[in-house]
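Asks:
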Amino acid sequence: MEESLKKNKQLLLRKHNTTNIKKFFQIFSEEDFDLLNKYSDLFDLIIIGILNPNFPFNLRNEEILLKELEYYNLTNFEAVAEIGAGNGCFSLLMFFSNPNINLIVNEINISMYKYFKKRFKLLSSQFNLNNITSTFGTSKKTRIRKKVDKIIIRKSFHHFSKKLKMLNEIHKDLNTNGILFIQEYLKSPDNLNECSMLMSEEEILSSIPSHLFELKETKRLESKTIFKFIKI
Ligand SMILES: C[S@@+](CC[C@H](N)C(=O)[O-])C[C@H]1O[C@@H](n2cnc3c(N)ncnc32)[C@H](O)[C@@H]1O
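Using my numbering, you'd call the opening residue of the sequence shown number 33 and step up by one each time.
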């Protein structure tokens, strides 16, 4: 077992010496930690719904994923940012779909942020990831320090606690005619399992100030909806 995993376990037990954590370690062995660590790329892709959770872990709904990537139309040398990138897996997929983009990966959760930074560092021994930078944001600030052509908020907008402040920041971050994509599962009986905080289409559209962004198109990809806005 890796030294850092051992330390994590000791730390967790010291911090939360509760029955639940003890039970967790009775079920979840050190070998399980090893396994998780070794196959974390695979788990990440399963967690974000890209791969099927059962062997042979083939792509889930490949057609929809490809259509989504195609819709963002990532072209050579443009600057693209994903806000609220979670484990960073979708950002990586975008990057590998066109390694000539300049990608900024943003998160406000420190664990997620550290996680994908570490992941990018490890991958950089195999791939040229020089065009990827990461920013640690806040609930009000993206901390993107340069202008970008496209901003993608994927399954994250409904989690923003300060939507208006974030939209003002995003407006400043975008170049003239910059594009904002918001991809969401809409609140509906079909999407109940996705997240309890999901918003309806009306709720999303009414939270986007019309003096900042103009809705250009609404794209439906099965249960996903992508709103495409142009910066005003
Ligand atoms: C469901 S995850 C989405 C992950 C990823 N975009 C994907 O498609 O798999 C939502 C993420 O949004 C992040 N988040 C919430 N509010 C945010 C904000 N104001 N700025 C940046 N990230 C935010 C959360 O920390 C969380 O990791």
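Quick reminder that beta carbons are idealized off the backbone N, C-alpha and C, glycines included.
Verify whether the separation of the beta carbon atoms of methionine 126 and leucine 101 is less than 8 Å.
Replies: Taking the first residue of the sequence shown as 1, we reach residue 126 at position 94. Taking the first residue of the sequence shown as 1, we reach residue 101 at position 69. Yes, Cβ-Cβ distance for methionine 126 and leucine 101 is below 8 Å.
Asks: Hey, would you say lysine 251 sits closer than 8 Å to tyrosine 71, going by beta carbons?
Replies: Within the sequence shown, the letter at position 219 stands for residue 251. Within the sequence shown, the letter at position 39 stands for residue 71. No, the Cβ-Cβ distance between lysine 251 and tyrosine 71 is not below 8 Å.
Asks: If you drop the 5 nearest sequence neighbours on each side, which residues of the same chain put their C-beta closer than 7 Å to that of arginine 151?
Replies: By one-based count along the sequence shown, residue 151 stands at place 119. So the qualifying residues of the chain are Gly120.
Asks: Taking all protein chains shown into account, decide if threonine 50 is buried (16 or more other Cβ within 10 angstroms of its Cβ) or exposed.
Replies: The count along the sequence shown starts at 1 and reaches residue 50 at position 18. Exposed is the call here.
Asks: Quick one: does the C-beta of phenylalanine 192 sit closer than 7 Å to a heavy atom of ligand 1?
Replies: In the sequence shown, residue 192 corresponds to position 160, counting from 1. The answer is yes for phenylalanine 192.
Asks: Taking three-plus beta-carbon pairs below 8 Å as touching, is the segment 180-199 in contact with the segment 150-168?
Replies: No: fewer than three Cβ pairs fall under 8 Å.
Asks: So for glutamate 63, helix, strand or coil by DSSP?
Replies: Within the sequence shown, the letter at position 31 stands for residue 63. DSSP places glutamate 63 in helix when its eight states are reduced to three.
Asks: Taking 8 Å as the threshold (C-beta atoms), are isoleucine 136 and threonine 107 in contact?
Replies: Here residue 107 refers to the residue found at position 75 of the sequence shown. Here residue 136 refers to the residue found at position 104 of the sequence shown. It is not a contact, given that the beta carbons lie outside the stated cut-off.
Asks: Quick check: what's the CA-CA separation for phenylalanine 75 versus lysine 54?
Replies: As a first step, residue 75 must be located in the sequence shown, where it is residue number 43. As a first step, residue 54 must be located in the sequence shown, where it is residue number 22. If I take the Cα positions, the gap works out to 24 Å.
Asks: For the alpha helix (DSSP H) containing asparagine 200, list its first residue and its last residue.
Replies: Numbered from 1 along the sequence shown, position 168 holds the residue referred to as residue 200. Unbroken alpha helix (DSSP H) run through asparagine 200: 195-205.
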